[in-house]
Structure formats: C-alpha cells, structure tokens
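Student:
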Amino acid sequence: MGYRPHGLVVVPTVSRRCYHSGFLTYSTMSQVIAVDLGGTNVRVAKISGDGVIEKKISSLTPASPEAPADIVDFVIEMIRSISEGDEVSEFGGIGVSVAGPVNSHRGMVINPPNIALPEIPLAGPLVKEFGIPVRLINDCPAGALGEMYFGDGKGCRDFVYITISTGIGGGVVAGGKILLGRNGNAAEIGHFHVDTRYNLMCGCGHPGHWEAYASGRYIPEFFSCWCLENHVKISGDWGRSAPGIFEAVRTGYPGLDDFMEELGRINARGISDVIVAYDPSRIILDGSVIRNNADLLLPLFERYIDRFLPLPKIGISRLNGLSPLLGASVIAHGYDTAAGTFLTGADNDT
Ligand SMILES: [Zn+2]
Numbered sequence: 009m010g011y012r013p014h015g016l017v018v019v020p021t022v023s024r025r026c027y028h029s030g031f032l033t034y035s036t037m038s039q040v041i042a043v044d045l046g047g048t049n050v051r052v053a054k055i056s057g058d059g060v061i062e063k064k065i066s067s068l069t070p071a072s073p074e075a076p077a078d079i080v081d082f083v084i085e086m087i088r089s090i091s092e093g094d095e096v097s098e099f100g101g102i103g104v105s106v107a108g109p110v111n112s113h114r115g116m117v118i119n120p121p122n123i124a125l126p127e128i129p130l131a132g133p134l135v136k137e138f139g140i141p142v143r144l145i146n147d148c149p150a151g152a153l154g155e156m157y158f159g160d161g162k163g164c165r166d167f168v169y170i171t172i173s174t175g176i177g178g179g180v181v182a183g184g185k186i187l188l189g190r191n192g193n194a195a196e197i198g199h200f201h202v203d204t205r206y207n208l209m210c211g212c213g214h215p216g217h218w219e220a221y222a223s224g225r226y227i228p229e230f231f232s233c234w235c236l237e238n239h240v241k242i243s244g245d246w247g248r249s250a251p252g253i254f255e256a257v258r259t260g261y262p263g264l265d266d267f268m269e270e271l272g273r274i275n276a277r278g279i280s281d282v283i284v285a286y287d288p289s290r291i292i293l294d295g296s297v298i299r300n301n302a303d304l305l306l307p308l309f310e311r312y313i314d315r316f317l318p319l320p321k322i323g324i325s326r327l328n329g330l331s332p333l334l335g336a337s338v339i340a341h342g343y344d345t346a347a348g349t350f351l352t353g354a355d356n357d358t
C-alpha cells in the first residue's frame, strides 16, 4: 500500500448513524454530500469515497441575504435537490467548504468577504435538519485536502495549495497533516505583507497585503495605481477588470510588460514568504486568475522568487477547480480536523 496521509479514520461501518468524539466511523465506501459555499456560487455534489463526483449542481450565492437563515435555507434546498428523493440521512455525512474565515469548532462562517453578514452558523442548522454529521472548513485547507487525496498532493507530505482567484488564500499540508490553526484559519497567506511602495489597502483594512495587488478583485486597482505612478495613460475601459488587463497584455498593448514585471515581483514576494514559512516540496496553484493566465504569470513567479531555500516544484492544479469541493467530501468522510461533529452545536472554541 502506498503512502496514506494521516488523519482519515477509516473504520468498517457498524452503523450508519454511529460516531464518537470527533472521529467519524463511516466507511469511505459511503456516499457523502459536499458543499462549496463561495461568494459567487454555491456548488453541491454527491461524491463517492474514491472521489468520483456522481452529481453536481451549482447556483448563484444569494446576493443580499437579510439573515443567516437565508443562506442556511438556500443550502438546505440545494442539498435536498441533489439527493433526489434519497433520504439525506442515508448519506455518510456532509462536508462544507466556505470562502472566508471560519470557526470550525462551531461550524460558523465569520465575516465572509462577499456576503454582507457578520457570521453564519451553518453546521449546527444542517445537523438539526438532516441528522447526520456535518463538518465545516475554510475552502483553502479544503482545496489542500482535495489535492492530498485526489490531486498532485497525493504522496506528498509537505505542500502548499495556493488559490489566486477573487481573493488569495492558502492551505498547508505539513508532515502529511493539514494545518488548521486555532479555529481553522491557518495560512491566510493573502494577508502576507508584500509591498511598501504602493501601500494599497487590503479588504481586511491593512495596507500592503498580497491580495490587495494580485487577486482578481484588486488587480485593476493595482493597475490604476501603477499607471498613475508611472504616468501611463490608457484608452478604453479594459483596465477595469483583471481579464481585460491580461487580454491587453496578450494583444501587445504598449507598456504593459513593465506592469506585468511589477505584478510578477509582488507574486514572487508572496510565494517567497510561503516557501520560508512552510518549506514545502511542492506548491499547487489554483484559482481563476492563475489558471487562466499561467502562461503570463508563471515565468515571472519563477524569475523573481527568492532562492534562500531550494525552489519547490510549482505547478497548476489538475483538478479543474474542484479541489475545495473534493476536500469537503474528505472531511465529510471523517478526516479528523479535531473540530468535532457539531451535533450539539456546543460552543467549544476556547
Ligand atoms: Zn489583508
């Protein structure tokens, strides 16, 4: 048998409703439900123990929820829809991956970046509704778990999953185990400090963070600031979106190579910090910004990354953006996040 990551507790199924003290006892042969709650889309899937997505549905995240119950009810309806008449209680568990900080112990989303609610208690209401274990995890560690079990993280004891999308985030596997931190928010690498020249303000309220320059949401602001600083005037409104800027680079719009070099230095500063923080043997990149523009961005990463430590292998995820959803299925099967089963909704985040 090959390398098996620590943490997945595989115990023959005695009873499909049997569990104890945070170590789920469901067989990985059972189907689970995986939920990926993003700022833009909600994806829900039926997934088998070997990572086969048997059915997947997607819907836009409710734009202006007035209360947490609006999100909870929406997710419940999607779970009912995908179970297609099967009793949800017959599934092995529910794993939920969410964009934004979490309290994994309490099964809550905290200050989600694209949903205007301070917190959303999610796991407790889902347990109450369906009566099966529910676990919740930040989508970046979820992505790392997806890679660890089904992607390029297989057999790799030390790697970092980095998503460069609307925001920037990371999931770290160290010594074969996912790194979660106190409440499940370790490796919020998008908030690494990478610049003192432009001092762009990050959505978290602090200047100079990686996400404030190189994420899909903020690349246009960085570009606008760079144009002002370098007296570059552009015509048209393509500079208002990251895809527009990358398209202009591809069509050879004059002067943009210098902006790409600057963006490359910023990304390389972030990656260099990831390397010295976690000493990974591999970095797996995911997220629409890097997936769609690897040809432009990757060579710059490698040109400017510090060589203080040996360069890890750096590549793009081959799971087609499904890593967080697959990672949600891993926790649904009983990967030990030391975060409890949420069956009581007890507040144990001390
Ligand atoms: Zn920040």
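The sequence shown: position 57 = 65 (this note's numbering), numbered continuously.
A virtual CB, placed ideally from N, CA and C, is assigned to each residue, including glycine.
From a predicted model like this one, the values you see are computed outputs, not experimental measurements.
For E92, which of V284, V282, A53, N328 has the nearest alpha-carbon?
Tutor: Selected option, being the one with the closest Cα: A53.
Student: Examine ligand 1 and report whether any of its heavy atoms sits within less than 7 Å of the Cβ of C164.
Tutor: C164: no, Cβ never under 7 Å from ligand 1.
Student: Are there any heavy atoms of ligand 1 lying less than 7 Å away from the beta-carbon of E229, as far as the coordinates show?
Tutor: The answer is no for E229.
Student: Mind checking which residues open and close the alpha helix (DSSP H) that includes F230?
Tutor: From DSSP, the alpha helix (DSSP H) with F230 extends over 227 to 237.
Student: P129 and N119: beta carbons closer than 8 Å?
Tutor: No, the Cβ-Cβ distance between P129 and N119 is not below 8 Å.
Student: Between which residues of its own chain and V282 is the CB-CB distance below 8 Å, once the five residues before and five after are set aside?
Tutor: Contacts found: V168, I170, G178, I197, F200, P288, I291.
Student: The alpha helix (DSSP H) with S67 in it runs from where to where?
Tutor: First-last for S67: 61 to 68, but that is the beta strand (DSSP E), not the alpha helix (DSSP H).
Student: Helix, strand or coil, according to DSSP, for A391 in the structure here?
Tutor: With the chain represented from 9 up to 358, any question about residue 391 goes unanswered, as that position is not in the structure.
Student: For S38, collect the residues of the same chain with a Cβ closer than 6 Å to its Cβ; drop the 5 residues on either side in sequence, then sort them by chain order.
Tutor: Excluding residues within five positions, the ones whose Cβ falls inside 6 Å are G100.
Student: Using alpha carbons as the reference points, say which of L153, I322, P121, A276 lies closest to D344.
Tutor: Per the Cα distances, L153.
Student: Let me know the secondary structure DSSP gives I102 once reduced to three states.
Tutor: Correct three-state label for I102: strand.
Student: State the Cα-Cα distance for the pair G329 and P109, rounded to the nearest angstrom.
Tutor: Taking the straight line from one Cα to the other gives about 20 Å.
Student: Using alpha carbons as the reference points, say which of V83, P76, G335 lies closest to I65.
Tutor: The shortest Cα separation from I65 among V83, P76, G335 belongs to V83.
Student: Using a threshold of 7 Å, is the CB atom of H217 nearer than that to any non-hydrogen atom of ligand 3?
Tutor: This structure lacks ligand 3; its bound ligands are ligand 1.
Student: Below 8 Å between beta carbons: does that hold for G183 and N111?
Tutor: Cβ distance not < 8 Å, so G183 and N111 don't count as in contact.
Student: Helix or strand or just coil, what does DSSP make of A107?
Tutor: Here A107 sits in coil by DSSP.
Student: Assign D58 to buried or exposed, taking buried as 16 or more other Cβ atoms, counted over all protein chains shown, within 10 Å of its Cβ.
Tutor: Exposed, by the Cβ-count rule.
Student: Rounded to a whole number of angstroms, what is the C-alpha to C-alpha distance between P320 and A42?
Tutor: Straight-line Cα distance between these residues: approximately 31 Å.
Student: Which word fits H341, buried or exposed, when buried means at least 16 other C-beta atoms lie within 10 angstroms of its C-beta?
Tutor: By the 10 Å Cβ count, H341 comes out buried.
Student: Less than 6 Å between C-beta atoms, sequence neighbours within five positions excluded: which residues of the same chain meet that for Y206?
Tutor: Within the same chain, Y206 has close Cβ partners C233.
Student: Quick check on DSSP: helix, strand or coil for N146?
Tutor: It is a strand residue.
Student: To the nearest angstrom, how far is it from the Cα of I186 to the Cα of S67?
Tutor: I186 and S67: Cα-Cα distance of roughly 29 Å.
Student: Would you say the beta carbon of H199 comes nearer than 7 Å to a heavy atom of ligand 1?
Tutor: It does: the Cβ of H199 is within 7 Å (strictly closer) of some heavy atom of ligand 1.
Student: Would you report the Cα separation of T69 and S105, rounded to the nearest angstrom?
Tutor: About 14 Å.
Student: State buried or exposed for L32, treating a residue as buried only when at least 16 other CB atoms are found within 10 Å of its CB.
Tutor: Reliability fails at L32, whose pLDDT of 38 lies under 50, so the model's placement of it is uncertain and the value that follows must be treated cautiously. So L32 ends up on the buried side.
Student: Which residue's Cα is closest to the Cα of V80: E98, E237, P121, K136?
Tutor: Measuring from the Cα of V80, the nearest candidate turns out to be K136.
Student: Is C210 a contact residue of ligand 1, with contact defined as CB to any heavy atom under 7 Å?
Tutor: Flag set: Cβ of C210 near ligand 1.
Student: What is the residue span of the alpha helix (DSSP H) that V257 lies within?
Tutor: Element bounds for V257: 250 to 258.
Student: Among I339, M86, I313, N300, whose alpha-carbon lies nearest the alpha-carbon of I253?
Tutor: Per the Cα distances, N300.
Student: In three-state terms, what does DSSP make of A340?
Tutor: Note: A340 maps to helix in three-state DSSP.
Student: With distance defined between alpha-carbon atoms, name the residue in G151, S249, R277 nearest to I324.
Tutor: The residue with the shortest Cα to Cα distance from I324 is G151.
Student: Check each candidate in R326, G213, D314 and name the one with the smallest Cα separation from I298.
Tutor: Here the closest residue by C-alpha is R326.
Student: Looking only at its chain, what residues have a beta carbon closer than 7 Å to the beta carbon of S296, apart from the 5 residues adjacent to it on each side?
Tutor: S173, G224, listed in sequence order.
Student: Rounded to whole angstroms, how far is the Cβ of L308 from the Cβ of E255, which I believe are closer than 8 Å?
Tutor: Contact flag wrong, Cβ pair sits at about 17 Å.
Student: Within the continuous alpha helix (DSSP H) that includes L305, where are the two ends?
Tutor: Unbroken alpha helix (DSSP H) run through L305: 302 to 312.
Student: Please report the straight-line C-alpha distance between E155 and A71, rounded to a whole angstrom.
Tutor: Taking the straight line joining both Cα atoms gives about 30 Å.
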